[in-house]
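Q: Just dropping this structure here.
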Amino acid sequence: MEGKKIIAICQSGGEFLTEKDGTLSYRGGDAHAIDIDDQMTFNEFKTEVTEMFSCSNDNMSIKYFLPGNKKTLITVSNDKDLKRMIKFHSDFATVDIYVIEEIVAPDVSNMPASRSSRTTLSETVVPVDASLDVVDFVGDTTQPDIPLDASLDIVDDASPIDAHIDIPNEISPIFPLLGHNDEKHAKGAQQWQNAITGVGQRFSSVHEFRESLRKYAIAHQFAFRYKKNDSHRVTVKCKAEGCPWRIHASRLSTTQLICIKKMNPTHTCEGAVATTGHQATRSWVASIIKEKLKFLPNYKPKDIVNDIKQEYGIQLNYFQAWRGKEIAKEQLQGSYKEAYNQLPFFCDKIMETNPGSLATFTTKEDSSFHRLFVSFHASLYGFQQGCRPLLFLDSIPLKSKYQGTLLAATAADGNDGVFPVAFTVVDTETDDNWHWFLLQLKSAFSITCPITFVADRQKGLKESIADIFKDSYHGYCLRYLTEQLIRDLKGQFSHEVKRLMVEDLYAAAYAPRPENFQSCLESIKSISLEAYNWIVQSEPQNWANAFFQGARYNHMASNFGELFYSWASDAHELPITQMVDVIRGKIMELIYTRRAESNQWLTRLTPSMEEKLDKETQKVRNLQVLLLVGNTFEVRGDSTEVVDVDRWDCSCRGWQITGLPCCHAIAVIGCMGRSPYDYCSRYFTTESYRLTYSESIHPVPNVDMPVVKASSQLAVTVTPPPTRRPPGRPTTKKYGPQEMSKRQLQCSRCKGLGHNKSTCKELL
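Note that my numbering has the sequence shown beginning at 31, numbered continuously upward.
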C-alpha cells in the first residue's frame, strides 16, 4: 500500500450513540477531510488535526473503527498505531476518524459515592452451576418512572419495561470519574460506561448480561462478586466489604430474555490498590482483540498486553494475553479438533472439485490422525507434461496446536521456478511416513521414465526411493551432507577452517570431471585427513557431478522449494483443513500468474534459459573448431574439448549436466549452420513451460462446513494426534544458505580454542 493515499474524514464535536444491536453511531459535529499515507508521522497527523479543529493538542484523542466493526473504537496514539490504521484500510478510499476533546475530571474526592483512581479490577467467578443463597429483593412494582437508586422487584410475569430511564444529575456518581492518569490509560473503556443503564434493561441471554456487566465494571473500575450465577438469574455485589452496590437480573417468564430487576448504583468503597487483569477473562480478551486479529494475524501477546493496558487500564500478564489470542484464533478460524474430523469430507471435496487429484488420509488404531496426502491434478499434469523428471524432497515442522510435519515434493519448471507437485501432513517425521508418502506419490504418477530425486540420505529415504522408484536416481542433498560433515568432525577446527572445507566440498560437488573432483579433495586433505576420509566414504557417486548418473541439472540442495515452504510457514498455525486450503490457494494463484506471464513471452526458450544460452554464446568468439570424424569435433580455447553433436556430448560435461549447449557445442553447431535452440533440452522451451501451467486448480467450497452425519451412515471419526505443542518459544528451521557451525572462542594469549584470555590456564 506504499504510496497510496487515503482520505481521512475527521469528525469532532458530535457524540456516540449506542444502537440496539450494540453498534455505535456518531451524530452531530463538524467534519473535515485530509489526505494521509504511510509516510505521515503521528505528530504531523495530530498537528494537522488540531489546526483543523482549533483544539488543544494535549487534551485530544483520535479514534477509529476497524473495517466491519462498529462496536469497538481503536485509539491512535503513536506512529505504530497510525500505520496500523492505514494498513487496515488499505483496500478502502476513506477512513472515518473521530477527534475527541477530553476534559480532565474535577476533584470529587468529597463526594460520598465517588470512585478513587486507585480502584482496580479483580474478581473470583463462581461457576455457573454454583448456588449461593441470598435474600431476594423486595420492593414496589407499581411506579412507572423509577430512579436508579430506588428499590424495586419486577415480578417475572410482569410486562417488560420499555421506557428509557433518565439518570438524574444528583445520581451521577454511579458513573465514577477517573483521575487524569486513569483516563489516559482507559480511553477504550469509556464507551462501556452505559453498558448497564439500570432497572428494566433487558438482554438476550445470561451470557450477554454477564459480558455487559463486565464491561461496565471495567469502565467504572470496580470489582464485583457473584452471589447467584446460573442459567436464569444472576445476583452480583461489589467486592469491597460493606459497599452497598448491588444488581440482580433474572429471566422474564415464558421468554429467554434477562431483565435487570433491582439495582443499587451507589458505591461507598475506595477500590483495590493495584490494577490487575482478573476481571479480564480469556473470553473477554478474545472478544476485544478478535477484530484486530483478523488484520494482524501476527499480533503478539506482549502487544496485546500493552494495547489493553493503554485502552482499558487493565494490566494483563503474558499468559492471559496468549490464551485470549488462542480463543480468538479458534473463533475466527474454527476448531482445530473439528478440522481433523472434517478430513473425510475435505478429501472427497478436493477430488470432486479437482478430478484427477489424489487426496487421502490414514488414522491410527485409536482413530487419531496419522497422515494426509494431497496432490492436485494440475500439479500432476504439469509435472508429467512440462517439467524435468527431477523431484526435491524436504520437510518443514509445523507449529500448530498439534504440531506435525509437512513433507513436500517440488519440481523445477522450465524457467527454474518452484513447481509444487505433492505434499503430506504427518504426525511425526519417520521412515515409515516418508515411505508412505512416496507410495502415494508413485500411485499418483503415470510416467514410466526414471526420476531423479534430490533428498537427504537419512530418514530412510535412501531405502524407500530405491524400493518404490526402482529405476530412479537419488542425489544426496549437499546442504544436509555439509551439516553432517561438520557434526561428525571430531577435531577442533576454527570457524574459518570449517568454512574453507565447506567451500572445497561444494567445489568438489560441482566439479564436472573426476580430475577436478580429486583436486578439490586434495585441498580438503591438506586441512584434515579425517574430513578427507569422511568425504571419500560418503558415496560421492550420489552427490558429485563427476560421478552422478542421473540428471539433476546442477541442482544440489533439496530445499529448492523454498517458496513452497514459506507458504506452509505462513499457514502452519491454522487448523489442518484450512492450512491445506491456503496452500491450495497459493498454488492456484501461482499457476494462474505464471500462465499469464508466459503468454507474453516471444522467445523459444524461457527467459532464464535464454539468458544462460546467451552467456555461453558470448564465449564462442575465441574458440577454434576442427573436424575430427563424422559429427565429432575438436574445439580449442583455454582448453581443448571434444564435442559429439549426435550424442549431445562435450568432454567439458557442461552440456550433459545442464541440458543446454556449452560454448564448445555452440561453436560446433554454428559451424554446421544449425541453431543451438535445436540442441536444448525440451524442458526449457516456452512450449513446455506453458504445458506445465496449462491446467487450473479449482476452489474447494465449504472447507469449514461441519460434516453432517446421517444416522444410518457409517461415519469415519478422526481425532487430533496425541502430540501437543509444548510450552515455550518453538524452534525455527531455516532454509537456504546458513552458517555451518557456531563460531568457537579463540584465546588471544595461547591461540587455543574453546576458551578466552580470562579463563586461559597457560602460564604467563
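Even for Gly, the Cβ is constructed at its ideal location relative to N, Cα and C.
The structure presented is a predicted model; accordingly, all values stated were derived computationally and were not measured.
1) Which complete beta strand (DSSP E) runs does the stretch 277 to 344 hold, if anything under 3 residues is left out?
2) Check for me: the alpha helix (DSSP H) holding Asp534 runs from which residue to which?
3) For Leu593 versus Val484, is the C-beta spacing smaller than 7 angstroms?
4) Using the C-alpha atoms, what's the distance from Phe663 back to Val673?
5) Going straight from the alpha carbon of Pro750 to that of Phe391, what length do you get?
6) Can you tell me which of the three DSSP states Pro736 falls into?
7) Use the C-beta contact count for Met141: other C-beta atoms within 10 angstroms, 16 or more gives buried, fewer gives exposed.
8) Would Ile357 and Ala316 qualify as a contact pair, given that the criterion is a beta-carbon distance under 7 angstroms?
9) Who are the Cβ neighbours of Asp192 in its own chain at under 7 angstroms, not counting the five residues just before and after it?
10) What residues are listed by DSSP as bridge partners for Pro427?
11) Can you give the Cα-Cα distance for Thr71 and Arg57, rounded to whole angstroms?
12) Here's the rule: buried if 16 or more other CB atoms are within 10 angstroms of the residue's CB, otherwise exposed. What is Cys479?
13) For Leu42, which of helix, strand or coil comes out of DSSP?
14) In whole angstroms, what is the alpha-carbon distance linking Leu632 and Cys693?
15) Just to confirm the assignment: which complete beta strand (DSSP E) runs, minimum length 3, are found wholly within the stretch 247 to 275?
16) Can you list, in chain order, the residues of its chain whose CB lies under 7 angstroms from that of Val730, leaving out five sequence neighbours each side?
17) Looking only at C-alpha atoms, which of Tyr562, Ile606, Cys682 and Arg683 sits nearest to Lys367?
18) By DSSP's criteria, Tyr595 is part of a beta bridge. Which residues make up the other side?
19) Run through DSSP, which three-state label would Leu656 get?
20) Could you give the distance in angstroms between the alpha-carbon of Thr53 and the alpha-carbon of Glu321?
21) How many Å lie between Leu428 and His62 at the Cα?
22) Hey, quick one: how far does the beta strand (DSSP E) through Ser91 stretch, first residue to last?
23) According to DSSP, simplified to helix, strand and coil, what is Ser55?
24) Which residues in the same chain have their Cβ closer than 6 angstroms to the Cβ of Met618, if we skip the five residues on either side of it in sequence?
25) Label Thr77 either buried or exposed according to how many other C-beta atoms from any shown protein chain fall within 10 Å of its C-beta, with 16 as the threshold for buried.
26) So Gly416 is in the alpha helix (DSSP H); what residue range does that whole segment cover?
27) When the Cα of Gly505 is compared with those of Trp573, Pro544, Lys472 and Ile226, which residue comes out closest?
28) Using the C-alpha atoms, what's the distance from Asn73 back to Pro97?
29) State buried or exposed for Met609, treating a residue as buried only when at least 16 other CB atoms are found within 10 Å of its CB.
30) Would DSSP call Cys680 helix, strand or coil?
31) Ala439 to Leu421, Cα distance in whole Å?
32) DSSP on Ser398, reduced to helix/strand/coil?
33) Opposite Leu388 in the DSSP bridges: which residues?
34) Taking the beta carbon of Val79 as the centre, do at least 16 other beta carbons fall within 10 Å, making it buried, or is it exposed?
35) Among the residues of its own chain, which have a CB less than 8 angstroms from the CB of Ser742, if the five just before and after it don't count?
36) Helix or strand or just coil, what does DSSP make of Val158?
A: In terms of the structure at hand:
1) With a minimum length of 3 residues, the continuous beta strand (DSSP E) runs that stay inside the stretch 277 to 344 are 288 to 294.
2) Walking along the sequence shown from the start, residue 534 turns up at place 504. Unbroken alpha helix (DSSP H) run through Asp534: His525 to Tyr540.
3) Within the sequence shown, the letter at position 563 stands for residue 593. Within the sequence shown, the letter at position 454 stands for residue 484. The Cβ-Cβ distance between Leu593 and Val484 does not fall below 7 angstroms.
4) Counted from its first residue, the sequence shown places residue 673 at position 643. Counted from its first residue, the sequence shown places residue 663 at position 633. One C-alpha to the other measures close to 5 angstroms.
5) Numbered from its first residue, the sequence shown carries residue 750 at position 720. Numbered from its first residue, the sequence shown carries residue 391 at position 361. About 13 angstroms.
6) Indexing the sequence shown from 1 puts residue 736 at position 706. Residue placement at Pro736 is flagged as unreliable, the pLDDT there being 47, under the threshold of 50; the coordinate-derived value follows with that caveat. For Pro736, the three-state secondary structure derived from DSSP is coil.
7) Position 111 of the sequence shown holds residue 141. Confidence in Met141 is poor, its pLDDT being 36 and thus under 50, which makes the residue's placement too unreliable to answer from.
8) Translated into positions along the sequence shown, residue 357 becomes position 327. Translated into positions along the sequence shown, residue 316 becomes position 286. In this structure, Ala316 lies closer than 7 angstroms to Ile357 by Cβ.
9) Here residue 192 refers to the residue found at position 162 of the sequence shown. Only weak support exists for where Asp192 lies, its pLDDT of 36 falling under 50; the coordinates are left without a value.
10) As a first step, residue 427 must be located in the sequence shown, where it is residue number 397. In the DSSP output, where bridge partners are listed per residue, Pro427 has Thr435.
11) By 1-based counting over the sequence shown, the position of residue 71 is 41. By 1-based counting over the sequence shown, the position of residue 57 is 27. For Thr71 and Arg57, the gap between their C-alpha atoms comes out near 29 angstroms.
12) What you label residue 479 is simply residue 449 of the sequence shown in a count that begins at 1. Exposed.
13) Looking up residue 42 in the sequence shown gives position 12. Per the sequence shown, residue 42 should be read as Ser rather than Leu. Residue state, collapsed to three classes: strand.
14) As a first step, residue 632 must be located in the sequence shown, where it is residue number 602. As a first step, residue 693 must be located in the sequence shown, where it is residue number 663. About 24 angstroms.
15) Counting only unbroken stretches of 3 or more residues, the beta strand (DSSP E) elements lying wholly within the stretch 247 to 275 are 254 to 259 and 263 to 268, in sequence order.
16) Locating residue 730 in the sequence shown gives position 700, where the first residue counts as 1. Excluding sequence neighbours, Val730 sits near Lys379, Ile380, Thr383, Asp611 and Arg614.
17) Working through the sequence shown from its first residue, we reach residue 367 at position 337. For Lys367, the nearest C-alpha among the options comes from Ile606.
18) In the sequence shown, residue 595 corresponds to position 565, counting from 1. In the DSSP output, where bridge partners are listed per residue, Tyr595 has none listed.
19) To locate residue 656, count along the sequence shown from 1; it is residue 626. Here Leu656 sits in strand by DSSP.
20) Residue 53 sits at position 23 when you count from the first residue of the sequence shown. Residue 321 sits at position 291 when you count from the first residue of the sequence shown. Computed Cα separation, rounded: 14 angstroms.
21) In the sequence shown, the residue the question calls residue 428 occupies position 398. In the sequence shown, the residue the question calls residue 62 occupies position 32. Approximately 49 angstroms, taken between the alpha carbons.
22) Indexing the sequence shown from 1 puts residue 91 at position 61. First-last of the beta strand (DSSP E) with Ser91: Met90 to Phe95.
23) Position 25 of the sequence shown, counted from the first residue, corresponds to residue 55. Three-state DSSP puts Ser55 in a strand.
24) Sequence index remark: in the sequence shown, residue 618 carries index 588 (1-based). Result list for Met618: Ile727, in chain order.
25) Locating residue 77 in the sequence shown gives position 47, where the first residue counts as 1. The residue is exposed, with fewer than 16 neighbouring Cβ atoms inside 10 Å.
26) Position 386 of the sequence shown, counted from the first residue, corresponds to residue 416. Under the DSSP assignment, Gly416 falls in the alpha helix (DSSP H) whose first and last residues are His407 to Gly416.
27) Walking along the sequence shown from the start, residue 505 turns up at place 475. Considering only alpha carbons, the answer is Trp573.
28) If you number the sequence shown from 1, residue 97 lands on position 67. If you number the sequence shown from 1, residue 73 lands on position 43. Between the C-alpha atoms of Pro97 and Asn73 there is a straight-line separation of about 24 angstroms.
29) As a working mapping, residue 609 is identified with position 579 in the sequence shown. Looking at its Cβ environment, which holds 16 or more other Cβ atoms inside 10 Å, Met609 is buried.
30) In the sequence shown, the residue the question calls residue 680 occupies position 650. Strand at Cys680.
31) Taking the first residue of the sequence shown as position 1, residue 439 is located at position 409. Taking the first residue of the sequence shown as position 1, residue 421 is located at position 391. The alpha-carbon atoms of Ala439 and Leu421 are separated by roughly 6 angstroms.
32) The residue you call residue 398 lines up with position 368 of the sequence shown. In the displayed model, Ser398 falls within a strand according to three-state DSSP.
33) Indexing the sequence shown from 1 puts residue 388 at position 358. In the DSSP assignment, Leu388 forms a beta bridge with Ser405.
34) Sequence index remark: in the sequence shown, residue 79 carries index 49 (1-based). The residue in question, Val79, is buried, as its Cβ has 16 or more Cβ neighbours within 10 Å.
35) Position 712 of the sequence shown holds residue 742. Unreliable positioning characterises Ser742 in this predicted model, as indicated by a pLDDT of 36, which lies under 50. The coordinate reading is nonetheless provided below. When the five nearest sequence neighbours on each side are left out, no beta carbon in the same chain lies closer than 8 angstroms to the beta carbon of Ser742.
36) On the sequence shown, position 128 is the one that residue 158 refers to. Annotation note: pLDDT 36 at Val158 (below 50); position unreliable, coordinate value reported separately. Coil, per DSSP.
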